[in-house]
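Right, one structure below, let's go through it.
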């Protein structure tokens, strides 16, 4: 569908590396498996970065108008907390509470296909990378690694 092609092309054009590309490809495969339907439920909103909320409310579906991230460290912290809280309980966490790749179990909590689901996670990573400096680039890379693992 048009929404998936536009989002895929927009994110792919950013050339954010192999891990991000792998996450994009995985996302398109999952969307195809769900026949491009959009889930009635969206992603959890607890701890979601305020920039994401603003974009969803004001500029939704305008990929070329990403939110302004004024404080990348705050965005980084908020993003990780949001991502961590939406993970299945069986995932182990590191000392900072971030999920660790590995293990197996049910992924139902992340089963949100369509425009309101994993697309938003990928877009938040694109926005973060667009403003990332040395202070959060390592955290961004770790986030991409975890998202691509999922």
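Residue numbers (the working numbering): 458 to 607.
Ideal placement from N, C-alpha and C gives every residue a C-beta, glycine not left out.
* At a cut of 8 angstroms, does the segment 469-483 reach the segment 493-509 through at least three beta carbon pairs? -> no
* Is there contact here, the segment 485-499 with the segment 542-561, by at least three beta-carbon pairs under 8 angstroms? -> No: fewer than three Cβ pairs fall under 8 angstroms.
* Report the rounded CA-to-CA distance for residue 573 versus residue 488, giving the unit in angstroms. => The count along the chain shown starts at 1 and reaches residue 573 at position 116. The count along the chain shown starts at 1 and reaches residue 488 at position 31. Going from the Cα of residue 573 to the Cα of residue 488 covers about 12 angstroms.
* Specify whether the segment 459-476 and the segment 532-552 touch according to this definition: at least 3 beta carbon pairs, one from each stretch, less than 8 angstroms apart. => no
* Rounded C-alpha distance that separates residue 530 from residue 571 -> Numbered from 1 along the chain shown, position 73 holds the residue referred to as residue 530. Numbered from 1 along the chain shown, position 114 holds the residue referred to as residue 571. Rounded to whole angstroms, residue 530 to residue 571 spans 29 angstroms at the Cα level.
* Asked: For residue 506, which beta-bridge partners are listed by DSSP?
  -> In the chain shown, the residue the question calls residue 506 occupies position 49. According to DSSP, residue 506 bridges with nothing at all.
* Asked: Going by alpha carbons, who is nearest to residue 579 out of 535, 527 and 600?
  -> Here the question's residue 579 lines up with position 122 in the chain shown. When each option's Cα is compared against that of residue 579, the closest is 600.
* Asked: Hey, how far is the Cα of residue 511 from the Cα of residue 524?
  -> Position 54 of the chain shown holds residue 511. Position 67 of the chain shown holds residue 524. If I take the Cα positions, the gap works out to 7 angstroms.
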